[in-house]
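Following: one structure in structure tokens, then a few remarks.
Residue numbers (my numbering): 2 to 96.
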């Protein structure tokens with residue numbers, strides 16, 4: 002998992018540099034632990050409380066919060082944003 006996540010990060014930065022001169026912006030979104038991942042169907046519902054306790058905002062995220070991040074990156078307001086990683090995880094990775 003970690004190797005593939007690192008590959009996505011490096012690849013997206015390389016693509017941002019390569020295609021920036023053509024007006025193409027390349028960014029990645031890295032969501033944290035949120036429904037439906039927390040449902041019992043996925044077998045990790047028991048880890049939810051542990052994750053929430055370790056997350057600075059003390060809750061799981063919601064899909065709409067990720068959608069808002071994606072909408073921002075796709076909008077004109079992000080016209081000077083490329084090669085970035087938008088982490089939407091309640092501060093979990095900041096620790």
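Built from N, CA and C at the ideal position, the CB exists for glycine as well.
The C-alpha of residue 65 is placed about 10 Å away from the C-alpha of residue 72. Rounded to whole angstroms, the gap between the alpha carbons of residue 36 and residue 53 is 12 Å.
Counting C-beta atoms within 10 angstroms of its own C-beta, residue 89 has 16 or more neighbours from the protein chains shown and is therefore classed as buried. Using a Cβ-Cβ distance cut-off of 8 Å, the region 75-82 and the region 47-61 are not in contact, since fewer than three pairs of beta carbons, one from each stretch, lie closer than that value.
Secondary-structure assignment with DSSP links residue 89 through a beta bridge to 32.
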